[in-house]
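The block underneath contains the structure these notes are about, expressed in structure tokens.
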Amino acid sequence: MLNLSVLLEDGARNQPEREAVVFGDLRLNYALVDMIANQVANLLVSRGVEPGDKVAIACPNLPYFPFVYFGALKAGAVVVPLNVLLTPREIEYHLRDSGAKALFAFSGTPDLPLGERAWKAFNEVPDCRTYIDLPASAGATESAIEGAETFWAALDGQPGEFETVRTEADDTAVIIYTSGTTGQPKGAQLSHNNLLFNAVCSDALFGRAPDGRDVFLTVLPLFHIFGQTTMMNCALYRHATMVLQARFEGDEALALMEKEGVTIFAGVPTMYWGLLGAKGEHDLARIAGNLNTAVSGGSALPAELARQVRDRFGIGVMEGYGLSETSPVVSFNNPRRKAKPGSIGLPLWGVEMRLVDGDFNPVEGEGPGEIAVRGHCVMKGYHGRPDATELVMRDGWFRTGDIARRDEEGFYFIVDRSKDMIIRGGYNVYPREIEEVLMTHPEVSLAAVVGVPHETHGEEIKAYVIPAEGATATEAEIVAWAKERLAAYKYPRVVDFRTELPMTATGKILKRELR
4 MLNLSVLLED
14 GARNQPEREA
24 VVFGDLRLNY
34 ALVDMIANQV
44 ANLLVSRGVE
54 PGDKVAIACP
64 NLPYFPFVYF
74 GALKAGAVVV
84 PLNVLLTPRE
94 IEYHLRDSGA
104 KALFAFSGTP
114 DLPLGERAWK
124 AFNEVPDCRT
134 YIDLPASAGA
144 TESAIEGAET
154 FWAALDGQPG
164 EFETVRTEAD
174 DTAVIIYTSG
184 TTGQPKGAQL
194 SHNNLLFNAV
204 CSDALFGRAP
214 DGRDVFLTVL
224 PLFHIFGQTT
234 MMNCALYRHA
244 TMVLQARFEG
254 DEALALMEKE
264 GVTIFAGVPT
274 MYWGLLGAKG
284 EHDLARIAGN
294 LNTAVSGGSA
304 LPAELARQVR
314 DRFGIGVMEG
324 YGLSETSPVV
334 SFNNPRRKAK
344 PGSIGLPLWG
354 VEMRLVDGDF
364 NPVEGEGPGE
374 IAVRGHCVMK
384 GYHGRPDATE
394 LVMRDGWFRT
404 GDIARRDEEG
414 FYFIVDRSKD
424 MIIRGGYNVY
434 PREIEEVLMT
444 HPEVSLAAVV
454 GVPHETHGEE
464 IKAYVIPAEG
474 ATATEAEIVA
484 WAKERLAAYK
494 YPRVVDFRTE
504 LPMTATGKIL
514 KRELR
């Protein structure tokens, strides 16, 4: 038997009074978090959720997330985290594709009306039978969404004890959605073994506080696998404290680091840029004195940005590499070996990397070639997509779609992406999905989407559009139209109207020239 909920349960057994989650004025110890997760498990069972059923959660970094995440795992269910920026159409797709039987969704705030979107999607999916509102007001028993049941009302009377359902190491624990070259989101099935090993092996690379009481500033979204593994699961594995920040803001992050004595921080490059650009008064000496580990991922960290962080906080930023399909960490610049600027480091313990050609044949020497990965981190496959799985998996090796070279010491360096993926602010964005939405606009004849360099986001989304005959739509109108139909991190901010697009002889658009 192996169930990922052991990460929380072990802390509750061995350090019950230690703080597990801090959010604002809430300071929740391991025993309390585990008890509420038990209540969630009892709730799910009472609503007919069986082992292997899917439970979706759409929630920013709030205490609700670990309550529901581990409660669902205890019940033997599969967790399906949803990006909080998804539109109703996108949420509906994820619920249908995963076969979710229950949805827990944050009611939202004026600038994040998540509950309205989630409730609308839920009512379009008959097989998803249970909707639980996660209210913005702690302890609220009445929902602002007419017809919805709140989390606290649903838990009323549920026992605080639960015998965790027996699951095997290779059973699916979490389905993380990622888009492929077709633009259709696919669910990467990650097992209990995938996630536990990745957390334990990643944790081994992090520093330790001298007194053994580590504090993680958890601002990476927990609905994303980077945040789940490195900030939540790693923290619980070492019985550390998670300080949750619902939405990144540089000054607030520094204030939390100073107040809570944060020892470990992980973020995407734009978060480091935000820390450097913070305007408030902060005790940087205190912050630097506590911080022993800084990690960057999601996209390449510019060398100049890394230098500025080192100068400001006196700590080097460790870079790594991973994907949703690999739980996510594949490689890291191990702190016990000298890091190489621009490198994604060496394979994680128990993980193999190699370069391959288009036919999966190994590429010798420096390369370049496409990175292939094998080991405990690699997903079981895409949920309900055997054909898509077969395209990227062979003999246990997973093709990442990323092109790299390798030096004589085995360090890997990303040089290109074989897919057209855009990384905007640490989020993966796939042009094909955006193109298909744009093509449904009555005044768009043809569209091609690429990523262009951006000072703070790394890349920005740009659409090249050939208008339909007689079209009068402006750039602002196209952007606004796409914004209504795509998540906030997906819609194009720039539209360039053209009379033609560069193409190959076979009619394939040459995106390389557009970039």
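The sequence shown maps to residues 4 to 518 in our numbering.
We put the CB at the ideal spot given by N, CA and C, even for glycine.
Since the model is a prediction, treat every value here as computed from it, not as a measurement.
1. Using the Cα positions of T175 and H386, report the straight-line distance between them to the nearest angstrom.
2. Below 8 Å, how does it come out for the stretch 273-284 and the stretch 298-316: are there three or more Cβ pairs, yes or no?
3. Using only the alpha-carbon positions, how far apart do C62 and F68 sit?
4. State buried or exposed for G53, treating a residue as buried only when at least 16 other CB atoms are found within 10 Å of its CB.
5. Since N431 sits in a beta bridge, which residues does DSSP pair it with?
6. Out of T112, G142, K104 and P113, state which residue places its alpha-carbon closest to the alpha-carbon of V128.
7. Pick out whichever of E284, C380, T167 and E252 has its Cα sitting closest to the Cα of L5.
8. Comparing alpha-carbon positions, which option in S346, L349, H379 and M396 lies nearest D362?
9. So, does the stretch 89-102 touch the stretch 231-238, judging by three or more C-beta pairs under 8 Å?
10. Am I right that N126 and S330 are in contact with their C-beta atoms under 8 Å? What's the rounded C-beta distance?
11. At 3 residues or longer, what runs of the beta strand (DSSP E) sit wholly inside the stretch 225-282?
12. So, with DSSP's three-state summary, where would you put N538?
13. Straight-line CA distance for R515 to T502?
14. On the three-state DSSP scale, how would you describe D195?
15. Look up M356 in the DSSP assignment and give the residues it is bridged to.
16. Do T232 and V332 have their C-beta atoms closer together than 8 Å?
17. Do V418 and R402 count as a contact pair if the criterion is CB distance below 8 Å?
18. Determine the DSSP secondary structure at D130, reduced to helix, strand or coil.
19. Apart from the five residues just before and just after I148, which ones in its own chain have a Cβ nearer than 8 Å to its Cβ?
20. Near T144, which residues of its chain fall below 8 Å by C-beta distance, leaving aside the five closest residues on each side in sequence?
21. Please state the DSSP three-state secondary structure of R408.
22. Thinking C-alpha only, which one of F165, T296 and A258 is nearest A207?
23. In the DSSP assignment, the beta strand (DSSP E) including N32 goes from what residue to what residue?
24. Can you tell me whether R92 is helix, strand or coil according to DSSP?
25. Which ranges would you report for the beta strand (DSSP E) in the stretch 318-371 if only whole runs of at least 3 residues count?
26. Return the first residue and the last residue of the beta strand (DSSP E) that D499 is part of.
27. Would you kindly report the start and end of the unbroken alpha helix (DSSP H) that includes F109?
28. Enumerate in chain order the residues of its own chain whose CB-to-CB distance from V203 is below 7 Å, with the five nearest sequence positions on each side excluded.
29. Which residues bound the alpha helix (DSSP H) around L521?
30. State the beta-bridge partners of G384 as determined by DSSP.
31. With distances taken Cα to Cα, identify the nearest neighbour of K493 among R435, E373, L31 and L193.
32. By DSSP, does G461 sit in helix, in strand, or in coil?
33. Three-state secondary structure (DSSP) at P389?
34. Would you list the one or two residues that DSSP bridges to D13?
35. With 16 other CB atoms within 10 Å as the buried threshold, where does N17 fall?
36. Between the Cα of G384 and those of G150, P91 and Q192, spot the shortest distance and give me the residue it belongs to.
The structure says:
1. Sequence index remark: in the sequence shown, residue 175 carries index 172 (1-based). Sequence index remark: in the sequence shown, residue 386 carries index 383 (1-based). Near 10 Å, if we compare the C-alpha coordinates of H386 and T175.
2. yes
3. For this step, residue 62 is matched to residue 59 along the sequence shown. For this step, residue 68 is matched to residue 65 along the sequence shown. In a straight line, the C-alpha of C62 is about 6 Å away from that of F68.
4. Numbered from its first residue, the sequence shown carries residue 53 at position 50. Here residue 53 is Glu; the residue named in the question, Gly, does not match the sequence. By the neighbour-count rule (16 or more Cβ atoms within 10 Å), E53 is not buried but exposed.
5. Residue 431 sits at position 428 when you count from the first residue of the sequence shown. Answer is I426, bridged to N431.
6. As a position in the sequence shown, residue 128 is number 125, starting the count at 1. Among T112, G142, K104 and P113, the Cα nearest to that of V128 belongs to K104.
7. Along the sequence shown, read from residue 1 onward, the residue named residue 5 stands at position 2. Nearest C-alpha to L5: T167.
8. Position 359 of the sequence shown, counting from 1, holds the residue named residue 362. Answer by Cα proximity: M396.
9. no
10. Within the sequence shown, the letter at position 123 stands for residue 126. Within the sequence shown, the letter at position 327 stands for residue 330. So it is not a contact: roughly 33 Å between Cβ atoms.
11. 244-247 and 267-270
12. Missing from the structure shown is residue 538; the chain here goes from 4 to 518 and no further.
13. By 1-based counting over the sequence shown, the position of residue 515 is 512. By 1-based counting over the sequence shown, the position of residue 502 is 499. A straight line joining the alpha-carbon of R515 with that of T502 spans about 18 Å.
14. Looking up residue 195 in the sequence shown gives position 192. Correcting the residue type first, residue 195 is His in the shown sequence and not Asp. Correct three-state label for H195: helix.
15. Sequence index remark: in the sequence shown, residue 356 carries index 353 (1-based). Partner(s): V376.
16. Numbered from its first residue, the sequence shown carries residue 232 at position 229. Numbered from its first residue, the sequence shown carries residue 332 at position 329. Yes, they are a contact pair.
17. Position 399 of the sequence shown holds residue 402. Position 415 of the sequence shown holds residue 418. In this structure, V418 does not lie closer than 8 Å to R402 by Cβ.
18. Here residue 130 refers to the residue found at position 127 of the sequence shown. In the structure shown, D130 falls within a coil segment according to DSSP collapsed to helix, strand and coil.
19. Within the sequence shown, numbered from 1, the residue matching residue 148 stands at position 145. Within the same chain, I148 has close Cβ partners S110, G118, E119, W122 and D136.
20. Here residue 144 is taken as the residue at index 141 of the sequence shown, counted from 1. Contacts found: T153, W155, A156 and D159.
21. Along the sequence shown, read from residue 1 onward, the residue named residue 408 stands at position 405. For R408, the three-state secondary structure derived from DSSP is strand.
22. Numbered from 1 along the sequence shown, position 204 holds the residue referred to as residue 207. Selected option, being the one with the closest Cα: T296.
23. Working through the sequence shown from its first residue, we reach residue 32 at position 29. Looking at the DSSP string, the run of the beta strand (DSSP E) that includes N32 is L29 to N32.
24. Indexing the sequence shown from 1 puts residue 92 at position 89. Correct three-state label for R92: helix.
25. 320-325, 332-335 and 354-359
26. Along the sequence shown, one-based indexing puts residue 499 at 496. Segment V497 to F500, the beta strand (DSSP E) holding D499.
27. Your numbering for residue 109 matches position 106 in the sequence shown. Unbroken run through F109 is the beta strand (DSSP E), A103 to F109; no alpha helix (DSSP H).
28. Against the sequence shown, residue 203 aligns to sequence position 200. Result list for V203: Y240, in chain order.
29. No answer is possible for residue 521: the residues shown for the chain start at 4 and end at 518.
30. Translated into the one-based positions of the sequence shown, residue 384 becomes position 381. The partner list for G384 (beta bridge, DSSP) reads Q192.
31. Numbered from 1 along the sequence shown, position 490 holds the residue referred to as residue 493. Ranking R435, E373, L31 and L193 by Cα distance to K493 puts R435 first.
32. Against the sequence shown, residue 461 aligns to sequence position 458. Three-state result, G461: strand.
33. Looking up residue 389 in the sequence shown gives position 386. P389 falls in the helix class under three-state DSSP.
34. Walking along the sequence shown from the start, residue 13 turns up at place 10. D13 pairs with nothing; no bridge assigned.
35. Within the sequence shown, the letter at position 14 stands for residue 17. By the neighbour-count rule (16 or more Cβ atoms within 10 Å), N17 is not buried but exposed.
36. Taking the sequence shown and counting its residues from 1, the one referred to as residue 384 is at position 381. Between G384 and the set G150, P91 and Q192, the nearest pair of CA atoms involves Q192.
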